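Numbering-wise (the working numbering), the sequence shown opens with residue 1 and increments by one. Below is one structure, written out as structure tokens; the observations come after it.
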Amino acid sequence: MRKDEVFVEIARLLGIKSADTTTPKWFNKRMEALGNILQSMTEEEKAELDEEGARITREGYSDEQKRK
């Protein structure tokens, strides 16, 4: 799951074309958006997400991710 996917779902929930961190009320919709995305994922996609989480736990974030 990537930030852009979450903001697309936040925009859908707010009934607007696009959303970002400057969009009013985006923060209040972030958990609902994440939940909707997780519910729509296949078991394979969820497994990949779990694997990525486990990798980050073991190895930490990459230098590129730290700069974001």
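Note that CB positions come from ideal geometry on N, CA and C, so glycine has one too. The structure presented is a predicted model; accordingly, all values stated were derived computationally and were not measured.
Counting only runs that start and end within the region 13 to 55, where is the alpha helix (DSSP H) found for 4 or more residues in a row?
26 to 40
Inset, instruction - With residue 67 as the anchor, note down where its alpha helix (DSSP H) starts and where it stops. - result: Your numbering for residue 67 matches position 67 in the sequence shown. Taken as a continuous stretch (DSSP letters only), the alpha helix (DSSP H) holding residue 67 covers 63 to 67.
(message) Nearest by alpha-carbon distance to residue 13: which of 30, 3, 39 is it?
(response) For the purposes of this step, residue 13 is taken as residue 13 along the sequence shown, with counting starting at 1. It is 30.
Which of helix, strand or coil does DSSP assign to residue 58?
The residue labelled residue 58 in the question sits at position 58 within the sequence shown. Looking at residue 58 - three-state DSSP - the assignment turns out to be helix.
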